[in-house]
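What follows is one structure encoded as structure tokens, with my remarks underneath.
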Amino acid sequence: MQSKLTTLLWPGTGGIVDDTVITRLGEDEYYVVTNGACLEKDTKYIDEQLGAFGAGVEWTRLDKSGLFALQGPQAAEILQQVLDRKYADIDLTKLYFGNAVWAQLKLADGSVTHPVLISRGGYTGEDGFEISFNGQRYPAFDTTTPAVEALLAAAGPERLQMAGLGARDSLRLEAGMCLYGHDLDDTITPVEAGLSWIIPKERRTADAGFHGAEVIVPQMTPRSKGGAGVQKRRVGLVVEGAPAREGATIEQDGETIGTITSGVPSPTLGKNIAMGYVRDGLHKAGTEVDVVVRGRKRKGVITKMPFIPTRYWKGQA
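Under the UniProt record's numbering, the first residue of the sequence shown carries the number 1, and numbering increases by one thereafter.
Structure follows, in structure tokens:
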């Protein structure tokens, strides 16, 4: 099974409804993970789009399901310890980034979970897995917590600990990954966001037919080459002094050229990093800017992302 990050797009504008992970479970069955904050909007969007599409597609919102992420350089070794080999003899060294498998996990009391979906990927830039529990068929809330506890017990506190949104935000920003509602929203297109790679080359045509194609496809050709181009582009920045937070303005020679959308101190780099949008043409790496933080101008440099190389498992080098 394959899992893929993709975006839901608005008709007419090409704005991003949400960035989602879709796993193909079978010939005609898919599993979609949305952002929690976008659940109601996504539900309405999917319902409307399938209504317009016509008959032949059924979908169910899995309200009672559970999901957690196991991330980091030892994630595979730890998860391998709790896989129940009686269900399937799975070798995680052969489960590559962007792929998924059904498995069962051994719990501390000797029992096993129901079949869970294990997808290799995550939102940290590190190797890892997202593990989904189906609450429509099984009691997800009765097994998700015991599964986490089994992993913690198998690994021990030296190798595995719980982490919250602050840790996740630092890691995803170091990896140059967008956060919906901050770095992405309904008004931003994939081209502006630097996510053109989600659109296959064979669909980059005027008659591509996907939502917003009439806006997005012309944007993919810069104005210097006769296309529509874009007015702004997502960039990474390293900022001196205090961390630049969402809403801080980006200036050059006293003129506002953009806005910060995310910013944190990077524990790995020992520097303050940020993400934002600047005027097209001023987005090249190495461009020096000023970032207004708490009323004071701080020196910043536009920097290529990811800030830290990602470590997705794609097999031995």
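Here a beta-carbon is modelled for each residue, glycine too, at the ideal position from N, C-alpha and C.
Residue environment analysis places Trp197 among the exposed positions, since fewer than 16 neighbouring C-beta atoms fall within 10 angstroms of its C-beta.
The bridge partners DSSP lists for Arg120 are Phe129. In terms of Cα proximity to His211, the closest of Thr6, Lys4, Tyr138 and Thr13 is Thr13.
Note on geometry: alpha-carbon atoms of Lys299 and Gly241 lie some 8 Å from one another.
Membership of Tyr45 in the alpha helix (DSSP H) is indicated by the continuous run Leu39 to Phe53. For Glu192 and Ile302, the gap between their C-alpha atoms comes out near 16 Å.
Look at the segment 219–265 and you find these whole runs of beta strand (DSSP E), each 3 residues long or longer: 232–239 and 249–252. For the pair Val292 and Thr259, the CB atoms are not nearer than the 8 Å cut-off. Between Thr268 and Leu50, the alpha-carbon positions lie close to 44 Å from each other. Only buried fits Glu130, as 16 or more other CB atoms lie within 10 angstroms of its CB.
Each residue's CA atom was taken as its position, placing Asp89 and Gln104 some 10 Å apart.
Met162 counts as exposed, since fewer than 16 other beta carbons sit within 10 angstroms of its beta carbon. Taking His114 as the centre and dropping the five residues before and after it, the same chain places the C-beta of Tyr138 closer than 6 Å to its C-beta, in chain order.
Thr205 counts as exposed, since fewer than 16 other C-beta atoms from the protein chains shown sit within 10 angstroms of its C-beta.
In terms of Cα proximity to Pro218, the closest of Gln316, Ile199 and Asn134 is Ile199. Selection Val82, Asp28, Ala208 and Gly276 evaluated against Val235 yields Gly276 as nearest (Cα-Cα).
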